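Residue numbers (my numbering): 189 to 595.
Ideal Cβ positions, reconstructed from N, Cα and C, are used throughout, including at glycine.
Predicted, not measured: the structure shown is a model, and the values here were computed from it.
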Ligand SMILES: *Cc1c(COP(=O)(O)O)cnc(C)c1O
């Protein structure tokens, strides 16, 4: 900038005082004394790795979401890999997913030698559009892998109907959606398999960790075997019992994707606080929504009536026609105000690996690409104070006012 007056209205990026003096991150785990005590308790016990606390944590998460089984993994990505295995994805199979996600959602299909096929998103929720799924179903399609973007459940009725009609497995990536509800039932109880992530930025953390919930005992058994080298632990299935007590059988190629008791102790303590943390996230989203309602430059995620969002992140889209600049300047201006904005996500098909391997290019998924060009993630975590949220809104309003067209 050439000559800018430095006063109360000058953006920090142009030399003005920032809206706040300390940096507000977009997310922050909440770890309390109860969490520390829970981990110490496991450290004083006989089991550190996969033992009784993992089983307790699996049962607690399954009960919370209303599923029959929970199978813990060492990460959400490992859980996705397990689900892709249990779904039977193999060479030449296809799975339909969204481009607006973290690459791990599509990568798990590649791990199985199968091919991720992208469908475009709905512009209101930014979730995978069921009509796009339907158009892409072929004789090779084996699974649908929708993502509950930001914590807004996907259109499960439509997706499960398509799956039933075409004999497909639904693997719901609910890494954003622990505690979210679809038609008054928790996410995690309705798809064939639902995966959760317990990375520190998510709703609940085990350090690193993940889980698959399912109501299908066969899938649960495959998942348990896969995370433990493909070893079947169900003793009634062992053929060589007469061999002796040391005997076990590896029946499939699995991995070491086990979660630890240490992480599970933390997870159990975190689960106790999940309801109050969700309440706080919903309060913050309500505040943002009210504040941005009167701003035509800011488009918030549409909340469908059948959905109750768990708000892992708070994405906004800029109405670029009303602004004199693009997302990059506004993003940088907000960072200069000490607001830790982010962008979720670079569409998966635009990553160099996907472009080079599958020949994807810009223009293939216009809604996802147009969304990405205007997308900014605002801070959202339960430890945020009312003042923190007010600072975010003030910074957005100040920045938008500066770049408003015709002002
Ligand atoms: C976080 C995340 C994952 C991966 O989870 P990790 O636990 O980090 O492996 C997968 N999908 C989505 C949508 C995520 O946000």
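- In the DSSP assignment, residue 475 falls outside any beta strand (DSSP E) and lies within the alpha helix (DSSP H) extending over 449-481.
- For residue 370, the beta-bridge partners assigned by DSSP are 373 and 495.
- Per the DSSP secondary-structure output, residue 360 pairs in a beta bridge with 382.
- Nearest Cα to residue 532 within the set 575, 550, 512 and 502: 502.
- Between the stretch 326-336 and the stretch 478-491, the count of Cβ pairs shorter than 8 Å is below three; the stretches do not touch.
- Counting along the chain, residue 303 sits inside the beta strand (DSSP E) bounded by residues 303-306.
- DSSP, reduced to helix, strand and coil, places residue 583 within a helical segment of the structure shown.
- Between the C-alpha atoms of residue 409 and residue 516 there is a straight-line separation of about 47 Å.
- By the C-beta density criterion, residue 209 is exposed, having fewer than 16 other C-beta atoms within 10 angstroms.
- Taking a contact to require three or more Cβ pairs closer than 8 Å, the stretch 345-357 and the stretch 474-485 do not qualify as touching.
- Here residue 261 is bridged, per DSSP, to 398.
- Around the beta carbon of residue 224, a 10 Å sphere encloses fewer than 16 other beta carbons of the protein chains shown; the residue is thus reported as exposed.
- Per DSSP, the beta bridge partners of residue 502 are 566.
- For residue 333, the enclosing beta strand (DSSP E) stretches over residues 329-333.
- Bounds of the alpha helix (DSSP H) holding residue 222 are 221-231.
- Here DSSP, grouped into helix, strand and coil, assigns residue 355 to coil.
- Residue 409 carries a helical assignment under DSSP once its states are collapsed to helix, strand and coil.
- Within the same chain, 376, 377, 401, 402 and 403 come within 7 Å of residue 255 by CB-CB distance, once the 5 residues on both sides are set aside.
- Residue pairing by DSSP places residue 488 opposite 504 in a beta bridge.
- Within 10 angstroms of the beta-carbon of residue 231 lie fewer than 16 other beta-carbons, which makes it exposed.
- Residue 268 has its CB nearer than 7 Å to a heavy atom of ligand 1.
- Put simply, the stretch 322-329 does not touch the stretch 569-576. Fewer than three CB pairs are less than 8 Å apart.
- If you draw a straight line from the Cα of residue 382 to the Cα of residue 344, it is about 12 Å long.
- Within a 10 Å sphere around the beta-carbon of residue 203 sit fewer than 16 other beta-carbons, which makes this residue exposed.
- Inclusion of residue 289 in the 7 Å shell around ligand 1 follows from its C-beta lying nearer than that to a non-hydrogen atom of the ligand.
- Of the residues assessed, residue 279 falls on the exposed side of the cut-off, its CB having fewer than 16 other CB atoms within 10 angstroms.
- Per the Cβ contact rule, the stretch 260-280 is in contact with the stretch 440-452 (3 or more Cβ pairs under 8 Å).
- According to the DSSP assignment, residue 283 belongs to the beta strand (DSSP E) that extends over 282-285.
- Just measuring C-alpha positions, the residue of 526, 315, 222 and 448 sitting nearest residue 240 is 448.
- Look at residue 441 here: in three-state DSSP terms it is coil, with no helix or strand label.
- Look at residue 199 here: in three-state DSSP terms it is coil, with no helix or strand label.
- Proximity to residue 355 across 200, 418, 318 and 275 peaks at 275, based on C-alpha coordinates.
- Taken from the Cβ of residue 396, at least one heavy atom of ligand 1 lies inside 7 Å.
- In the DSSP assignment, residue 555 falls within the unbroken alpha helix (DSSP H) covering 554-561.
- At a Cβ-Cβ threshold of 8 Å, residue 307 and residue 394 do not count as neighbours.
- For ligand 1, a non-hydrogen atom lies closer than 7 Å to the CB of residue 292.
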